[in-house]
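Residue 12 is where the sequence shown starts when you use this note's numbering, and the numbers rise one by one after that. First up is the structure itself, then whatever we jot down about it.
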Amino acid sequence: MQKPPKIMQQHLIIFSRYPEAGKTKTRLIPTLGPQGAANLQRQMTEYILSKAKQLQNQILVSLEIRFAGGNTQLMKDWLGSDIAYQAQGEGDLGMRMARSLSEAFQNGAEKSIIIGTDCPSIELEILKLAFEYLTDKDLVLGRAIDGGYYLIALRRSIPELFVDVDWGTDKVFQQTVNIAKRLNLAVDNLPTLADIDRPEDLEIWEEIHRQRGKNVNNING
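Below you can see the structure in the form of C-alpha cells.
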C-alpha cells in the first residue's frame, strides 16, 4: 500500500490525468486529434506543476498530484519522482475531490486547495490569496467563466459540498454556493478565470505561449 504523502499545514492538490491519446481532453479531439489533445493535456499539466513548484519557493506548502489513468510509475517517469502521487480512485469528480481533501486533513493539513490543470491563467498570487482567505473563511472558490470552478479551498473536510452537484455543467459553481449557504459557511471568491475545454478556448493557451516566447505547433506533433 502506498504511503500517504508528507503533508504540511498548507497543502495543494493538483487533479490531472495521464496524457493517453483518446482518453483526455476529449472535447478537443475533433479539433486537435487524439494525440494532439493528449499533448495539450501533457503541456498544461507541466505548466501548472511549474507554477506549483514556484509557489513552494515562496511559501511553505506541500504538493500532491491526484491522477486518473496511467499508474504511479508512469506519472513518476513523466513528471519526476520528487512529487507525491495518489490515484484519484473510484466515483464521480465530487467523490474523488471529497476523498482527497478528507485524506489531506486526516494527514495533518489545516488548509487545502484543489486545482485542476485546465486553467493556465491561474497565478501564484491567486493561490496565495486562497490560503490567506482560509484564515477566516470556511470555503474559497475560484469561479470559471464556463460556470464551474477552477479552485476550491477548505480548512476542514466538508463532504456535503460535493454531493448532488451536476459535474461538467455550467451549474457547478452556483450549486456549490447554494450548498455553502445552506451550511452557513463563510465563503470568499477569487477572480473569475477561463478554463480550456473547448476549441474556442485554445486562444488562451496560444496567448500564454506567445507571452512566454514559445509556439504551440507541437500540440499536433
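Ideal placement from N, C-alpha and C gives every residue a C-beta, glycine not left out. Everything numeric in this text was worked out from a predicted model, so none of it was measured.
Using the Cβ count rule (16 or more neighbours within 10 Å means buried), how would you classify residue i?
i           : result
residue 282 : Within the shown structure, residues of the chain are numbered from 12 to 232, placing residue 282 beyond reach of any answer.
residue 172 : buried
residue 202 : exposed
residue 26  : buried
residue 36  : buried
residue 210 : exposed
residue 223 : exposed
residue 69  : exposed
residue 221 : exposed
Ordered along the chain, which non-local residues of its own chain (more than five positions away) have a Cβ less than 7 Å from that of residue i?
i           : result
residue 208 : 38, 129 and 157
residue 94  : 74 and 76
residue 18  : 73, 115, 118, 119 and 120
With DSSP as the reference, identify every bridge partner of residue i, one or two as the case may be.
i           : result
residue 222 : Residue 222 pairs with nothing; no bridge assigned.
residue 153 : 162 and 201
residue 77  : 26 and 97
residue 36  : Paired residues: none, contrary to the question.
residue 123 : 22 and 165
Got a sec? Which residues, its chain only, sit under 6 Å from residue i by beta carbon, not counting five neighbours each side?
i           : result
residue 32  : 45, 46 and 49
residue 232 : Residue confidence is low: residue 232 scores 43 on pLDDT, short of 50, so the model does not pin down where it sits. Its coordinate-derived value is still stated next. Counting only Cβ-Cβ distances below 6 Å, and skipping sequence neighbours, we find nothing.
residue 79  : 28 and 99
residue 42  : 210
residue 219 : 131
Answer with yes or no whether the minimum CB distance from residue i to chain B is below 7 Å.
i           : result
residue 121 : No chain B is part of this structure, which consists of one protein chain only.
With a Cβ-Cβ cutoff of 7 Å, do residue i and residue j count as a contact?
i           : j           : result
residue 132 : residue 51  : no
residue 154 : residue 111 : no
residue 109 : residue 124 : no
residue 233 : residue 191 : Limits of the chain in this structure are 12 at one end and 232 at the other, which puts residue 233 out of reach.
residue 138 : residue 65  : no
Leaving aside the five residues before and after residue i along the sequence, list all residues of the same chain whose C-beta is less than 8 Å from its C-beta, in chain order.
i           : result
residue 55  : 128, 129, 131, 207 and 216
residue 121 : 20, 21 and 166
residue 184 : 152, 154, 155, 158, 159 and 160
Original post:
Is there contact between the stretch 98 to 107 and the stretch 173 to 180, where contact requires at least three CB pairs shorter than 8 Å?
Top reply: Taking a contact to require three or more Cβ pairs closer than 8 Å, the stretch 98 to 107 and the stretch 173 to 180 qualify as touching.
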